[in-house]
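Participant:
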Amino acid sequence: MTFAPKALLLLTVLGLAACNNPDKYGAGNGVVDPGGAYGDGGVSQGSINDPNSPAYFNQKIGDMVNFMVDQSTLSDEARATLTQQAQWLNGHTNYNAIIEGHADEQGTREYNLALGARRANAAQEFLISQGVAPNRLRTVSYGKERPLAVCSTEECYYKNRRAVTVISLGAGS
Amino acid sequence: MMRIALAALAALMIGPGLAAAQQGPLHIEITDGVIEPLPYALPTFVAETGDAGQMASDITRVIAADLSGTGLFREIPESAHIQRFSAFETPVSYPDWQAINAQALIVGGVSMQGGKVVVKFRLFDIYSGQQLGDGQQLAASPASWRRLAHKVADVIYSRITGEGGYFDSRVVFVSETGPKDKRQKRLALADYDGANLNYLTDSSAIVLAPRFSPAGDKVLYTTFETGFPRIKLLNVGNVAGTLLPEVPGTMTFAPRFSPDGASIVYSMEQGGNTDLYKMSVSGGAPVRLTNSPAIETAPSYSPDGSRIVFESDRSGTQQLYIMSASGGEPTRISFGDGRYGTPVWSPRGDLIAFTKQAGGRFHIGVMRTDGSEERLLTASFLDEGPTWSPNGRVIMFTRESPGAGGGAGLYTVDISGRNLKKVDGIGGASDPAWSPLLP
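Line order of the protein sequences matches chains A and B.
Mapped onto our numbering, the consecutive letters of the first sequence carry residue numbers 940 to 1112.
Mapped onto our numbering, the consecutive letters of the second sequence carry residue numbers 114 to 552.
#1: What is the rounded straight-line gap between the Cα of Q470(B) and the Cα of Y453(B)?
#2: Quick one: grab the DSSP three-state call for G541(B).
#3: Would you say T500(B) faces chain A, with C-beta separation under 9 angstroms as the test?
#4: Consider the Cβ of D1009(A): report whether some Cβ of chain B lies at a distance smaller than 9 angstroms.
#5: Please report the straight-line C-alpha distance between T1032(A) and R506(B), rounded to a whole angstrom.
#6: Quick check on DSSP: helix, strand or coil for P358(B)?
#7: Taking the beta carbon of F237(B) as the centre, do at least 16 other beta carbons fall within 10 Å, making it buried, or is it exposed?
#8: Can you tell me whether DSSP reads K534(B) as helix, strand or coil?
#9: Which stretch, first to last residue, makes up the beta strand (DSSP E) that contains R1101(A)?
#10: Quick check on DSSP: helix, strand or coil for Y1081(A)?
#11: Where do the N-terminal and C-terminal ends of the alpha helix (DSSP H) with M168(B) fall, by residue?
#12: By the criterion of Cβ-Cβ separation under 7 angstroms, what are the contact partners of L389(B) in chain A?
#13: Using a Cβ-Cβ cut-off of less than 9 angstroms, list which residues of the stretch 999 to 1029 of chain A approach chain C; keep chain order.
#14: For Y207(B), which residues in the same chain have their Cβ closer than 7 angstroms to its Cβ, ignoring the five residues on either side in sequence?
#15: Applying the criterion that 16 or more other CB atoms from any shown protein chain within 10 Å of the CB defines a buried residue, is S192(B) buried or exposed?
#16: Decide if D989(A) is buried, meaning its Cβ has at least 16 other Cβ atoms within 10 Å, or exposed.
#17: Ordered along the chain, which non-local residues of its own chain (more than five positions away) have a Cβ less than 6 angstroms from that of V147(B)?
#18: Taking the alpha-carbon positions, what's the G965(A) to V268(B) distance?
#19: For the stretch 341 to 371 of chain B, which residues have a beta carbon sitting closer than 9 angstroms to at least one beta carbon of chain A?
#20: Roughly how many angstroms separate the alpha carbons of D281(B) and G350(B), rounded to a whole number?
#21: What does A517(B) touch in chain A if you count any residue whose Cβ is under 8 angstroms from its own?
#22: Sorted by chain position, which residues of the same chain lie with C-beta nearer than 6 angstroms to A466(B)'s C-beta, five sequence neighbours on each side aside?
#23: Can you pull the chain B residues whose beta carbon is under 7 angstroms from the beta carbon of P1086(A), in chain order?
#24: Do we get a CB-CB distance below 9 angstroms when we pair E486(B) with the residues of chain A?
#25: Quick one: is H476(B) buried, meaning 16 or more other Cβ sit within 10 Å of its Cβ, or exposed?
#26: When we look at the beta-carbon of E1049(A) and count the other beta-carbons within 10 Å, is it buried (16 or more) or exposed?
#27: Give every residue of the same chain whose Cβ lies closer than 6 angstroms to the Cβ of E1094(A), excluding the five residues on either side of it in the sequence, and list them in chain order.
#28: Might you give, ordered along the chain, the residues of its own chain that have their beta carbon closer than 8 angstroms to the beta carbon of S437(B), omitting 5 neighbours on each side?
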């Protein structure tokens, strides 16, 4: 295998590139994301009792809505959560959000990516309908790649079928 | 990339007047029925130079692993052999091999010549008492010794089955470590049998579903390195990658090459809706192939490039459809109970492999291109993502186990549903793509 040394060399370069260019929507820039794909970034969330804090958004309002199997329809409960998310975002225009769509493991990889995108989009559309400016929102799907719960029963699957609104301090909005 | 010099790959006659027996009685028909593996004898290849002993032994063992690993052949242990070969040219004593019920005998020699490993071999049909095909001689650098063994095994497999071989091939896949909720993924490459494992990326971003180019020199895959799923084209030789052009605000995934290697078909998601598109490998605007509010994904070309099979949930659940490679109205081909996804057209053109979900189980299956003769080959908690061996006889796929401690591995099964095996030596792994036979 004559390419092995080359591969090693290139991996080193890739590693450096990754350090210089941290995931711009990941946990590296003040994102507070307990339900999201990367977990809590270790950045202070403030107090859950402070209505202006990310902790309040994530935990009091709830950063997450769940879905039925194969569905991207918003339940009444999900709409109620998203309504409060929208109100908070409308009152805190210095924050932007990435909405992550996720699926449980009971599905093929590609389909779950597309399904997660449907869920993220459903949440995004609802937030926009509640007055959040579209240019503050973006969606991404992780398919079944980042489950929140790891058991293989419906209890965990329900938690994993989710759309998570991951807020971050946005520049210039 | 593999600086291999198969100096004399073309058949080289060894010894005069040994005519090829094209249709000898030594033959396995690979059918759906259960077959009795064909017993063969493979005496350790003769070391023809003093420094070739280890190489001769190693090469012999890889040939045996290839042949016996198919489930079509059964090796008769060397301890049972009566005749011993002190030289490659030693005449075969057929009664000695008939006495231990060998049907095939492979005799070989290995030497080191000018920094290269040289292997020569002959295949004998014991019951008809003659050589099957010409002797051959192959040479390569010592680092590529496993490829030499695979090439020899491919020739033997082909002569006995009448099918193309598949041992001298590789698999690109996603290497997985860590628990389910923090899984680390990186692109990896290994020989089809799990040997020669190499990593093509680090694990700083999620990577998914790599696919080989028809020549095996490039790989398309999906990466989250920008924070969003995007398609990257990787040159396997120098591990240099390029992100394909992006339409802002979209996700792109599930790429696959056209059979001529010139185009890429893939899924693009926009506003929550996923459709199929294609683009030229050299760039240019994406061409839309489907236009429906349903999910269209997992496209795969027919070997002649004229059609595309894909999955869509336009009927309400995931099902398989075939359309012209230029788009247009698709025809549904899957009608059984359950959901069908990840269709892959066989390299022979006759079958489509797929993932099926039914009754809470996952299956790998095959069907004809009109949807008839569906056969499920596997069943487990989670099987998915089939890929075809270069000869269209074996399918590799991902099997994941349930629960918090669950992990993924690569498995193979032949298209009759027999010989289910794990690919060893590569650790946690998913999303395999089998290369064409190496040049």
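Where is the CB? At the ideal position from N, CA and C, for every residue including glycine.
Facilitator: The answer reads as follows:
#1: Translated into positions along the second sequence, residue 470(B) becomes position 357. Translated into positions along the second sequence, residue 453(B) becomes position 340. Distance between the alpha carbons of Q470(B) and Y453(B): 7 angstroms.
#2: Position 428 of the second sequence, counted from the start, is the residue given in the question as residue 541(B). G541(B): strand per DSSP, three-state reduction.
#3: By 1-based counting over the second sequence, the position of residue 500(B) is 387. It does not; no Cβ of chain A falls within 9 angstroms.
#4: Sequence index remark: in the first sequence, residue 1009(A) carries index 70 (1-based). Chain B contact via Cβ: present.
#5: Indexing the first sequence from 1 puts residue 1032(A) at position 93. Indexing the second sequence from 1 puts residue 506(B) at position 393. Cα to Cα, T1032(A) sits roughly 59 angstroms from R506(B).
#6: Here residue 358(B) refers to the residue found at position 245 when the second sequence is read from its first residue. Residue state, collapsed to three classes: coil.
#7: Walking along the second sequence from the start, residue 237(B) turns up at place 124. Buried is the call here.
#8: Counted from its first residue, the second sequence places residue 534(B) at position 421. Strand, per DSSP.
#9: Stepping through the first sequence from its first residue, residue 1101(A) is reached at position 162. Element bounds for R1101(A): R1101 to L1108.
#10: To locate residue 1081(A), count along the first sequence from 1; it is residue 142. Strand.
#11: The count along the second sequence starts at 1 and reaches residue 168(B) at position 55. Residues G166 to G182.
#12: The residue given as residue 389(B) occupies position 276 in the second sequence. Residues of chain A passing the Cβ test: none, with the nearest at roughly 11 angstroms.
#13: This model lacks chain C altogether; the protein chains it does include are A and B.
#14: Within the second sequence, residue 207(B) is the residue found at index 94, counting from 1. Here the set comprises I239 and G242.
#15: Mapped onto the second sequence, residue 192(B) falls at position 79. Under this definition S192(B) is an exposed residue.
#16: Against the first sequence, residue 989(A) aligns to sequence position 50. By the 10 Å Cβ count, D989(A) comes out exposed.
#17: Position 34 of the second sequence holds residue 147(B). Because the pLDDT at V147(B) is just 49, under 50, the model does not fix this residue reliably, and the point stays unresolved.
#18: Within the first sequence, the letter at position 26 stands for residue 965(A). Within the second sequence, the letter at position 155 stands for residue 268(B). Note that G965(A) scores 38 on pLDDT, short of 50, meaning its location in the model is unreliable; the coordinates nonetheless yield the value given after this. About 51 angstroms.
#19: F341, P342, V349, G350, N351, V352, A353, G354, G362, M364, F366 and A367
#20: Taking the first residue of the second sequence as position 1, residue 281(B) is located at position 168. Taking the first residue of the second sequence as position 1, residue 350(B) is located at position 237. Their Cα atoms are separated by approximately 17 angstroms.
#21: Residue 517(B) sits at position 404 when you count from the first residue of the second sequence. Here the neighbours are V1089 and C1090.
#22: Locating residue 466(B) in the second sequence gives position 353, where the first residue counts as 1. The answer, listed in chain order, is V457, V479, P499 and I508.
#23: Within the first sequence, the letter at position 147 stands for residue 1086(A). Here the neighbours are K293 and D294.
#24: Residue numbering aside, residue 486(B) sits at position 373 when the second sequence is read from its first letter. Output row for E486(B): interface = no.
#25: As a position in the second sequence, residue 476(B) is number 363, starting the count at 1. Buried, since its Cβ has 16 or more Cβ neighbours within 10 Å.
#26: Here the question's residue 1049(A) lines up with position 110 in the first sequence. Burial call: buried.
#27: On the first sequence, residue 1094(A) is found 155 positions in, with the first residue counted as 1. Cβ within range, chain order: n/a, list empty.
#28: What you label residue 437(B) is simply residue 324 of the second sequence in a count that begins at 1. Cβ within range, chain order: S419, R420 and I421.
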